[in-house]
Each structure stands twice: as C-alpha cells, then as structure tokens.
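Chains as they are written, first to last, in the working numbering: chain Z, 1 to 494; chain S, 1 to 494.
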C-alpha cells in the first residue's frame, strides 16, 4: 500500500458517494416523483453521472493507478477492480458513449410504441443502430480486456464467468428440460387443481404482512423502506435500502413474493462488508451473485414446503376465512405451478431458464455478427419452439417483450439463470453446513440461513468473481446439477 | 453577451442542477429516510456541496467573470449575481469554512441537550465559538462587499435591504405594538370566547382537505407532493416541489394552516421564470421575499374573513357535526387569537414581530461586539419584557428556543418580519390592481391573487433585490404602514 493507492481510495469513495446520491434519486423517480419532475430529474442524474465520469477519468487517476501498490486479500482485488472500472470508463471514445446514450434513449422510446402495437419493423432501424454501437463498444473493450467481445459486455454486469463456460451449462439444461417439463406437467395434472385463496386481500393488510415477512428475512427497517412502484425493485444504498412492490387486491402472492425477492437483494446490500464501504471491493459481486440472493430467499427458502407451512398460517391469521386453502399443498399448487408461457417475467422456476437461454444465444449471435436484427423475430420464434414447443402469437409476446436490448443492455440476461443455479448450489451447501436449517424455516426463522449467507456471500463483497465466490462458499465452481436436483425434488417427485 | 458569459451560464446551470439533487436529498432526509441512513446521507450531501464549491471556485470562473459581458434587464443582474455568489464562495479561507462547519455542528448537538435541560451555560462555550467565527466571516465578507459586517451576513439570506433600513422600521413597530397590543387584548376580551370545533379530525380526511385547499391556491400536483415530517417545510425544486406538514388528530388548524403557508412558498418556486431556470437570476429573490409569499397566502388571504367563510363550509362538509362552530367569527376567534407568549413559532401575527425584533437587535449586537454570549440570557429576558411585558421562566423558553444561532445562522431572523410586512404591502397593491379579489376569496378562488403574484413577484425571479421588487410590484419601497393598517383593521376594529 502506498500514497497513490490511498489517493485512489479517497477518490473512489467520493465517486461511490456520488453513486449513492444517484441511487436515491433513481428510487425517488420510480417511487415518489410526480410526473412533472421527470425532465429535471434526467438532468440531475446526467449531471451526477458526468461528474462521476470526470472524477474517474482525469489524468491523475491513470498516473496513480500506474504507481499504486496494494497487497492482501482485500486491498489487492480492490486495486484490481479500480483498474477494471477505470479501463472500462476511459477505454471508450466520448463520441461513442454519447452516440450510445442517444441511440439507447431513442430506441427505448420507439420500443414502447412498437411493443404496444406489436410492430417489430417500427423499432428495427433503431434497434439496428443500438446493436451496431454495442458491437463497436464490445470490440473496443475486447481489445483492452483480452476477453471476447460478448464477454466484455457480460463483464459489465457479471465478472468472473465467460460465455464459453455458460454455453455448455445452458445446453445441458436444455436437454434436462426436454424430459423434465413433460414429466412435471404430467405429475401436476394428476394432482388436485388449486383451490382459490379466499381473499379479499386489503392492501393495508398486505403491506403490513409484507413488511413483517421481510423482517423475518432479517431486513432492519431502521435502514430500509418498503414503498410502491409500477415495477418492483431494490434500490437505495447499503445503509438505506429501498424496496418497492405492487399490490393487487385480488392476488396476495404478487406483492408478497415480490417483497421476499427484493428483500433477498436488500439483505445482500445490507450485509456487504462495512469496512470496505464505498470501495469497489466492498460492492456486490455482480448481477448473477445478486440474483442468487433474491432467488435463494424467494425460490429456495420461501417457496419451500417448510416455509409455506409457516406462511399459510400467517396468511390465514391475516386474512381470515376458510383455513383449508392455506394448506401447504394448495399454496404449492398456486405458487409452484409449472406452465409453458411466452412471457419471461411470468415464468415459473422450471421454464424460466428456457427464456434466458433463448436470449443468451440470440444476443451472443447479434454481437458476434451471426444474426441480423431483421432476422431476430424469426430466430426468436424458432428458438422458443425448440425450447418450450410454443410459438408467440405476435412479437409483443416475442422479441419485443423485454426492455433490455432496446435500452442497450447486452450481456445481462445470463445473470438470471446463473443466479438461479447459484441459489440452488448455495442452498445445498447451507443445508450441509447448518443443521436444522429447514426446521427453522418451518418456524419462519431465517436466521440460520441468513447467518450463513452473511459469512459466505454478503460479507465477501466483490473480493471474488462469480466462480471464485461459489468455490469459496460451496467448495466448487458453478455446478448446475444442484439446480436440476432441486427441480427434480420439487417438480418430478410424484 | 460574450463567450465568457456563455461559459458561466453553463457552469452555473450545472451548479444549480447539483443544488437540485441536494434539495431532493434534503427533502428525503426529512420526509422519507429511515434513521439508519443519516450518516451516509451526511456524506452524500457533503460530497455534493464540495463538488459544487469546486465548480464555483476553480480559477477558470474568476477569469471568465473578469471577461464576461452581459446587458439587459435579465442578463445584467444574472452576471451581477454570479459575481456575488462567486465572491462569497471564494472570499473565505478554506480553514475558516471548515472551522465554521465543525463549530456549528458541535454547537447544534450541544444545544439540543441544553434546550432539553434549560441549561444555557452548557452551550455557552460552543455558542461563543460560533459567534467568534461568524464575526470573522462577517469581517472578511465586509471587506469585499463594502457592506457592514452584519449586513454581509444578512445578504446571504436577503439581498437588497440593510440593517440601517430595518432598524427604524422595527422601532416604529415597537411603538405601534405598545398601544396596539393592550387594545387588541381588550377588544378580544369583550368578544365571545371561541367555541371548540367539534372534531374528531381523522388524518386521512385532513390530508385530502389539505391537498384540496393547496390545489385551490393553485398548486399543481403533477409537479408537487404533500408528505409528512416533524417540522413542516417546502423543499424540492421548481418543477417538483415537496411540501410537508404534521397532522394532529385533535387540531385541524395546525396541518391546514401549515399546508397553506408552505403552498405559498411552493407557488413562488413554481412561478419562477422558466426561461431563467438554473441561473442565479431565475431563483427566488431571497428569504424575506419567500416569506412574503407564504404569509400573503396564509395570513393575508386564508385567514381573511372572506376566505374563512369559504373554509368554514369546507370544514363542515369534510368533518360534519354542528355547523355553528364553523362560522367565520368563531374560526377567527380560534385562528386570529392574540396572546403574549414566549415562543416565536407559536406567536400570532401581531406579536410575532416582537420576537423577531428582539432577535435582530441581539444578533446585531453579538456580531458588532456590543454583546457577549455570557450576557445573552439577561439581555434576552430584558428585551422580551420591554417588547411584550413578559419574561420567560427559563432559557429553554428564552434564548435557547431557536436552532438558528446555534447552527450558525445570523442575519436570517429579520426575514420573517420583513416578509410579513411585504405580504401586507403586496396584498394592498393586489386589491388595488385586481377588482373583485375579495369576492373571489369568498368563493375560495385564489386565481385573481395568484395571477397578480405570478406577474409581479414570482415571474421576476431574483432580477430585483428586496426593496426594488417591492417598488416594482407596489410602486414604493417597504412601507410598514401597510402592515400596521392591516393589523388595525383585523385586530383593533371593535
């Protein structure tokens, strides 16, 4: 450690503090802001982003990075991460960054209309420009990072795993699903149909229940808020996390499962190493790691039989009426229902990866130049037919459904399924390490699981990349068998 | 106008945009933030303030200010205000700025305990240090502005009026009050006592009423929010104003009058000239001008007989019960009640200036070196006795009651009474210029008044200082007779 490194730590702390301000303003824009504030908010966020970029790219940073020395299991990766962040920020010509910002904003606006009218040709030229610029960025980054162009994009969301590692994992899942999905459907068909939950579910009671359940997961509301927004998310900062959800008076699962999911994200942020706050190494380890934390809470823990038993009692106590529909088997029939659908965000745990595999392959081909934007709808429909045996009736329920590509996010999609797989692997390791974990879940007690996650994942910050973090926590790199074993136990046991 | 001036406009717009981000984070801290977020929020605000200060004080600014040329009724004062802002920001040695920040924060913390325990000696040393540094700052600014030391502090809150102009105005008010207060008390004593309003006042119904009434004043909730906080305030930005209030289930006036007051502030921000947004000349004209806008709405318009008649009907419709207590005379007996009290923030319209006059004289003497901090409690008690004939039972209800001095704000207090006087002067001019203004108020219609304020005050931004703004709007500089005439009509007509 030397003076140059100390200067960098101060500078990166300042940049991270600006990032916290941006995070709060983003949350406000989604959860609080009146519509008339939007234009001014855009300016505020752009100004903060510009100042942060300036702080990161002035010549003094390159000089200090050349001179900096750091050793040890935290400082060494911290300096390494500073170099990566700086490289990515300074590698791209300003003209390209500005062209991307304009192209993404223009495409997103057109996409909203194209999706509403199921009119892919409307957005095709704008999306073509987005893809062209993404390729240009990917090539520029690739020359500096030594990664492939697509991996250079993926690294912006998730460090420490390559497309070459992901592809065989996804192909194996495709093969697994070809057998598992019809089996699961057959087993499901033989079971009694789900009995509707009695309801109604007054929003105020749902809200109190959601907060209570997130407190069960360990969220401390002295450092958190729960609010409403159109699209649920987890925002804010580690000391002040802001989760949101959307309440439907006729469906309690939507808000409740959403809050439990976002609480998993929130707990990751809350558990990041305080000693490394506002340093690159003190951040979360990437989007796949983040998704593993929302899914280990929502999918692994909260939709498990033991926790559903606890939750059914809570629901009945809260909303009254007939107790029978709140039994574990009926809740499972509702909340672990498998079906082949067109829409990713509505998909169940078993078919969700098919949606991600489809997008991973298509975006890789788009960036690699093996697929043109004009051919995207046909490739999408053929791909979904191959994976799930269904074909969307229009592009609104096909290649127009997600905002991601139309907003310039390429390389993000794999995170969802890498996260789901990591969640299963972490859960298996936690069960091995922590005796009585499921017995605790049956009492609604998340502390044993959360204690393990605090030590093995949250507290490690970004010290380790995705694969190394899994090695540290579970003793092995990504092992998709843990996920398929979990799915077999949950969906294929007759 | 030249290139240097254009560069300055861009730079000041960037600084103002940072200021908007700070304003939103301040609002969030008071209205939304969980307590655990406080330390991080302090860092975020300090970082933004530091970046804004850097943008304002780099050498390029002084060079551009030296070269800049601007003419016309907006650009010329804009450049002049840029010079003042820059002068104030760059005049003070960094060591002094930091010493003040530390001393103010330390004193504020000790003050909270001193106030809770009515223990002035506890805070005396810390307040002594605050005063010493304020004097140092005042001297440094005085040397550059050519104003007196105290006026240099006052200019930070209110431009365009000096203590030499204020002192005779306040002395005349003191003389007026010596006669008026006993008369008003005697008249009040001869009237029937106020009959309690029936209540209860459920918070949800109060909230809806408060929003409806602020909409009556013209606030557009596409650009505004109404929330709750311990101390009501108006924050946010011109495109996205955030007002807050505090609901008491047994008292509807507290929240309602508070919201109407803050709506006056909010409407000033909303009506600032959009073409000059984010330029110094596009801001409000100072704290006295701002207070004139909250008080013309709350005190002049909403507590007038015509509006009370409208409001009484609204209240009865909202809360039901016996209609009689909602009559104008009974509402006036509640909401225009005069009494000699120790606490400024609880004071009525007639005695409020006495509290301000006391503080103005004491802070001027503290900064001028004519009063020591050790002698403050005795001077306070003697001063209040002279003005209102009462003496506080302890310092918590005396010189410890306000946060201002203990947080390093000297020169702010006169704004309250200058604003009250300006509000009366503006109201008289509006009545002269706008026929049917009171008839409209009786229907709850604020549009005639608001249209006049938009043109005469809000739309003028900071183009004119306090006295010049009054000249522009009313044809004369501050004329306290308009205020005393208003008080005579309201409180001394038997």
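All C-beta atoms, glycine included, are put in the ideal place defined by N, C-alpha and C.
- In this structure, residue 362/Z places its C-beta atom within 8 Å of the C-beta atom of residue 379/Z.
- In the DSSP assignment, residue 15/Z falls within the alpha helix (DSSP H) that extends over 3-31.
- For residue 117/Z, the three-state secondary structure derived from DSSP is coil.
- Cβ-Cβ distances below 8 Å link residue 228/S to 31, 244, 245, 246 and 247 in the same chain, with the five nearest sequence neighbours on each side left out; the list follows chain order.
- If you draw a 10 Å sphere on the C-beta of residue 472/S, you find fewer than 16 other C-beta atoms in it, and that means exposed.
- Three or more Cβ pairs closer than 8 Å define a contact, and the segment 430-444 of chain Z meets that threshold against the segment 297-308 of chain Z.
- Taking 8 Å as the cut-off, the Cβ atoms of residue 384/S and residue 392/S count as close.
- Interface with chain S (8 Å Cβ-Cβ cutoff): residue 134/Z is excluded.
- Taking residue 428/Z as the centre and dropping the five residues before and after it, the same chain places the C-beta of 474, 482, 485 and 486 closer than 8 Å to its C-beta, in chain order.
- Between residue 270/Z and residue 223/Z a beta carbon distance of about 6 Å is seen, short of the 8 Å cut, so the two are scored as contacting.
- Put simply, the backbone Cα of residue 36/S is about 14 Å away from that of residue 274/Z.
- Contacts with chain S at 8 Å (Cβ-Cβ) include residue 28/Z.
- With contacts defined by Cβ atoms closer than 8 Å, residue 70/Z and residue 79/Z form a contacting pair.
- Boundaries of the beta strand (DSSP E) around residue 224/S: 224-228.
- At a Cβ-Cβ threshold of 8 Å, residue 315/Z and residue 259/Z do not count as neighbours.
- Against chain S, the CB of residue 211/Z has no partner CB under 8 Å away; the residue lies outside that interface.
- Looking at the DSSP output, residue 248/S bridges to 251/S.
- Between residue 387/S and residue 425/S, the C-beta gap is not smaller than 8 Å, which leaves the two residues out of contact.
- Judged by DSSP in its simplified three-state form, residue 234/S adopts strand.
- In chain order, 34, 35, 36 and 37 make up the part of chain Z whose C-beta sits under 9 Å from the C-beta of residue 223/S.
- Listed as beta-bridge partners of residue 243/S by DSSP are 226/S and 234/S.
- Non-local beta-carbon contacts of residue 126/Z in its own chain, meaning distances under 6 Å to residues more than five positions away in sequence, involve 106, 107 and 110 in chain order.
- Separation of the CB atoms of residue 467/S and residue 58/S is rounded to 34 Å, and the pair is thereby denied contact status at 8 Å.
- Ranking 119/S, 9/S, 370/S and 437/S by CA distance to the CA of residue 68/S puts 9/S first.
- For residue 374/Z, there is no enclosing alpha helix (DSSP H), as DSSP gives it neither H nor E.
- Per DSSP, residue 413/S lies in no alpha helix (DSSP H) segment and is marked neither H nor E.
- Residue 245/S does not reach chain Z, its nearest Cβ partner there being about 16 Å away, counting only Cβ pairs nearer than 9 Å.
- Think of a sphere of 7 Å around the beta carbon of residue 240/Z: the chain S residues whose beta carbon falls inside it are 33, 34, 36, 37 and 40, in chain order.
- Annotation: the continuous alpha helix (DSSP H) that includes residue 210/Z extends over 203-216.
- By the 16-neighbour rule on beta-carbons within 10 angstroms, residue 143/S is exposed.
- Burial is judged here by how many other beta carbons sit within 10 angstroms of a residue's own beta carbon; residue 117/Z has fewer than 16 and is exposed.
- Against chain S, the beta carbon of residue 44/Z has neighbours under 9 Å at 17, 18, 20, 21, 24 and 237, listed in chain order.
- Here residue 481/Z carries a helix assignment [DSSP, helix/strand/coil].
- Its chain contains 157, 158, 159, 160, 415, 462, 465 and 466 as the residues whose beta carbon lies nearer than 8 Å to that of residue 286/Z, once the 5 sequence neighbours on both sides are disregarded; these appear in chain order.
- For secondary structure counted as the alpha helix (DSSP H) over 4 or more consecutive residues, the segment 395-461 of chain Z holds these complete runs in sequence order: 414-433, 437-442 and 447-456.
- Rounded to whole angstroms, the separation of the alpha carbons of residue 437/Z and residue 460/Z is 22 Å.
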